[in-house]
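The structure appears right after this line, and notes come after that.
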Amino acid sequence: MAQTDNKKFFENLSGAGKAIAVLTSGGDAQGMNAAVRAVVRMGIYVGAKVYFVHEGYQGMVDGGDNIKEATWESVSSMLQMGGTVIGSARCKDFRMHEGRLKAAHNLVQRGITNLCVIGGDGSLTGANLFRKEWSGLLAELVQQGLIDEEASQKYSALHIVGMVGSIDNDFSILAWICKKPMIGMVFALDGEMMLPTVKQDAVFCLSVCASDWVLIPEMPPEDGWEEKMCQKLSALVVQRLGFDTRVTILGHVQRGGTPSAFDRILASRMGVEAVLALLETTANTPACVVSLCGNQSVRLPLMECVQMTQQVQKAMDEKRFEEAVQLRGRSFENNLKTYKLLAHRKPESELPNSNFNVAVLNVGAPAAGMNAAVRSAVRVGISEGHKMFAVSDGFEGFYKGQIKEIKWADVGGWTGQGGSLLGTKRTLPAKHIDKIAEQMQKYNINALLVIGGFEAFLGIMELLAARATFEELCVPMVMVPATVSNNVPGSDLSIGADTALNAITFTCDRIKQSASGTKHRVFIIETMGGYCGYLASVGGLAAGADAAYIFEEPFDIRELQSNVEHLTEKMKTSIQRGLVLRNENSNENYTTDFIYQLYSEEGKGVFDCRKNVLGHMQQGGAPSPFDRNFGTKIAAKAMQWISKKLNESYRKGMKDNSYAFHVVMKQTFLKLSIELNHHLTFFLTCAVVHEALSICHLVKA
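In UniProt numbering, the protein residues as written are 1 to 701.
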């Protein structure tokens, strides 16, 4: 995005004369470095001074070299690093009044009155107490002669903004932390009878790992749970069953490791929002916590969130478990409900009998998470009393009659598998509508669930257009977006996009690392995405790119030259590596080869260039934890919507229903994907590409 657009995006913002300190406190968590980086670069961008506080509150109490001014270059190459490079420590001194007095003195000496705290509820509660005591602490410093009255008046108010950085994800706001290490370890146990002890956020692990059993404090087991578990697992307790058993405690493997693409993006957006909050705060503004709700950054009163978090523990202590689940937040509650729906099949006698047949098919290119969505749809459909049918090879398999009933056990173990186990093709149905209608009549298909990308979208539109001719097509049709390109109209995020982002991000990390210790080098990376710039722009934000070229943002030779000049200046410093991402269809003339040759020629004597076309590696591999969870929940919502419409049609009568769906589906088709996505806590949208580009340019490595 052009510099003028950046200025417009952050218009009327000025940090001149202000000083911001950023610290990380408590246990470290993946993504903390991305948050620190964003705070530093956003603060510098608006003209403020930004300081690192090393070793958390302990560094603020000790002062000295623990509080250092940050520069733009000092946060380069931080994105891919786990933990926190500025250190984190639990500080007993800060809990004492004398410790907070020392901390106040150290901040005033540097003119710091804006504090960004990244940590859990304990760290944020301590920050709020510090803020409340601030005026009294300054008065004591004046009395002791450590500061003068003028300084006391000048720095009379302390402003606090918090960001939740915790792998427990137990703070009562909409938050997200990386589960990648946890999920990876659990899937590494696949094929063995093991009982991994997952301390942090086990409920998330349920839907993405397809756990057979879970024990969490918010949902204690009922009496006699041991027998039920033994029946479920057929291998658990040596004394009862005589089988060998293993217990695996994941421990600190959950805390370490490289942050996922989503953690980096989330942390970067939150870091920018934290600085905006500090710039807009007044003396009477209460301390707030920055988070995301849907695609929007939100600011919530800090102490209200802390109190709600404390209420969770109180509810569990008083055995009010349903209330504890609700207090955990919408995402936690939805994950738990989805797990209950999918983990244990009800006996046949307890299942409703709907007499409806629902077909599931994948259309378009494979996307990681498709199989999790199919598993979820099949099991929810069976739980609703429907007979589920699987269609192989998309619409092509549909008209060829590659249709068979699919049972509960048939989709066991599908959650973590990449690609499309049903098979998928890009074939559109228009030329074979008559044969598809015949198959729907033959198998008495009452509803369609199509999981796929833009071809799936076009395919359903073709089916809708043919309803006037073929009555068999007058049934509920739902599309679940699944494509790495994330280009389905009306949807915020597609299944598979997060996995592709991780592939891009981690590959860029390795590519940049390949130049470590060598001469200055710039890498030109081509991403997939067709004409949608989601992967290039958001991937650029996650990987710390210097530039991202996409179709939605036209660029010319002047901008290319400007970016070359920027990298040339950058390479004259200690920074050795540059990264440029280009969407595959961003411009028909300024191809990847052209940009590579331009950078190579103009950078002679300063840096050399390498180019990489990532290709189909963005499409393959096991789905990320996010895509497994996303696919599971969105497909469950889709099936519940189908059941609702089928039951409505049954009550109204099928004759009226044919016309009703013919009209309603045309009007609600685009809306549905939005409604389904709205139930999920976090996702990035194509509409956020512009914001991502702004932040990408703002915090580029």
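Quick reminder that beta carbons are idealized off the backbone N, C-alpha and C, glycines included.
(message) Quick check on ASN12: buried or exposed, where buried means 16 or more other Cβ atoms within 10 Å of its Cβ?
(response) exposed
(request) Report yes if the CB atom of ARG100 is closer than 7 angstroms to the CB atom of PHE130, and no otherwise. (result) yes
(request) Use the C-beta contact count for LYS346: other C-beta atoms within 10 angstroms, 16 or more gives buried, fewer gives exposed. (result) exposed
(request) Please determine if the stretch 454 to 462 and the stretch 222 to 229 are in contact, where contact requires at least 3 C-beta pairs separated by less than 8 angstroms. (result) no
(request) Report the three-state DSSP secondary structure of PHE356 (helix, strand or coil). (result) coil
(message) Rounded to the nearest angstrom, what separates MET440 and ALA261 at their Cα positions?
(response) 41 angstroms
(request) On a CA-only basis, which of VAL538, GLU588 and ASN284 is nearest ARG264? Give me that one, please. (result) VAL538
(request) Could you give the DSSP three-state label for ARG582: helix, strand or coil? (result) strand
(message) By the three-class DSSP mapping on this structure, what secondary structure does TYR549 have?
(response) If DSSP states are grouped into helix, strand and coil, TYR549 belongs with the strands.
(request) Pick helix, strand or coil for LYS611, following the three-state DSSP scheme. (result) strand
(request) Evaluate GLU569 with the Cβ neighbour count: other Cβ atoms within 10 Å of its Cβ, from every protein chain shown; 16 or more gives buried, anything less gives exposed. (result) Classification of GLU569: exposed, given that the 10 Å Cβ count is below 16.
(message) Can you give me the C-alpha to C-alpha distance between CYS532 and GLY517, rounded to a whole angstrom?
(response) Distance between the alpha carbons of CYS532 and GLY517 is about 35 angstroms.
(message) By DSSP's criteria, MET388 is part of a beta bridge. Which residues make up the other side?
(response) VAL358
(message) Going by DSSP in three states, THR499 sits in which element: helix, strand or coil?
(response) The answer is helix: DSSP assigns THR499 an H, G or I state.
(message) Since ILE525 and VAL580 should fall inside the 8 angstroms C-beta cutoff, what is the C-beta to C-beta distance between them, to a whole number of angstroms?
(response) 7 angstroms
(message) For the beta strand (DSSP E) containing TYR51, name the first residue and the last one.
(response) 49 to 53
(request) Confirm, please, whether the CB-CB distance from HIS54 to ILE20 is below 7 angstroms. (result) no
(request) Tell me whether VAL478 sits in a helix, a strand or coil according to DSSP, three-state version. (result) strand
(message) Rounded to whole angstroms, what is the Cα-Cα separation between ASN444 and LEU124?
(response) 58 angstroms
(message) Quick check on the burial criterion: 16 or more other C-beta atoms within 10 angstroms. Buried or exposed for ARG521?
(response) ARG521 counts as buried, since at least 16 other C-beta atoms from the protein chains shown sit within 10 angstroms of its C-beta.
(message) Less than 7 angstroms between C-beta atoms, sequence neighbours within five positions excluded: which residues of the same chain meet that for SER14?
(response) VAL46 and GLY47
(request) Just tell me which of GLY401, PRO286, TYR57 and GLY621 has its CA closest to the CA of LYS92. (result) TYR57
(request) Count the other CB atoms, across all protein chains shown, that sit within 10 Å of the CB of ALA687; report buried if there are 16 or more and exposed otherwise. (result) Since pLDDT at ALA687 reaches only 37, below the 50 mark, its modelled position is unreliable, and no value is offered.
(request) Leaving aside the five residues before and after SER420 along the sequence, list all residues of the same chain whose C-beta is less than 6 angstroms from its C-beta, in chain order. (result) ASN362, PRO366 and MET370
(request) Tell me, please, which residues DSSP counts as bridged to ASN114. (result) ILE20 and HIS159
(message) Is it the case that the stretch 369 to 386 contacts the stretch 506 to 515, given that we only count it when at least three CB pairs across the two stretches are under 8 angstroms?
(response) no
(message) Taking 6 angstroms as the limit between beta carbons, can you name the residues of its chain near PHE316, skipping five residues before and five after?
(response) Contrary to the premise, residue 316 reads as Met rather than Phe in this sequence. Short of 6 angstroms from the beta carbon of MET316, and not among the five residues preceding or following it, lie these beta carbons of its own chain, in chain order: PRO217 and ALA324.
(request) May I have the straight-line CA-CA distance separating GLY423 from VAL411, to the nearest angstrom? (result) 14 angstroms
(message) Taking 8 angstroms as the cut-off, does the stretch 396 to 410 touch the stretch 466 to 484 (at least 3 CB pairs, one atom from each stretch)?
(response) No, they do not touch.
(message) Short of 6 angstroms in beta carbon distance, which residues of its chain neighbour SER485, apart from the five on each side in sequence? Order them along the chain.
(response) GLY529, GLY530 and CYS532
(request) Could you tell me the distance, in whole angstroms, from the CA atom of LYS314 to the CA atom of MET308? (result) 10 angstroms
(message) Check this for me: beta carbons of LYS68 and PHE94, under 7 angstroms apart or not?
(response) no
(request) Evaluate CYS116 with the Cβ neighbour count: other Cβ atoms within 10 Å of its Cβ, from every protein chain shown; 16 or more gives buried, anything less gives exposed. (result) buried
(request) Measure the alpha-carbon distance for PRO352 versus ASN647 and round it to whole angstroms. (result) 12 angstroms
(request) Could you tell me whether the Cβ atoms of SER25 and SER88 are closer together than 7 angstroms? (result) yes
(message) Please classify LYS49 as buried or exposed, where buried requires at least 16 other C-beta atoms within 10 Å of its C-beta.
(response) buried
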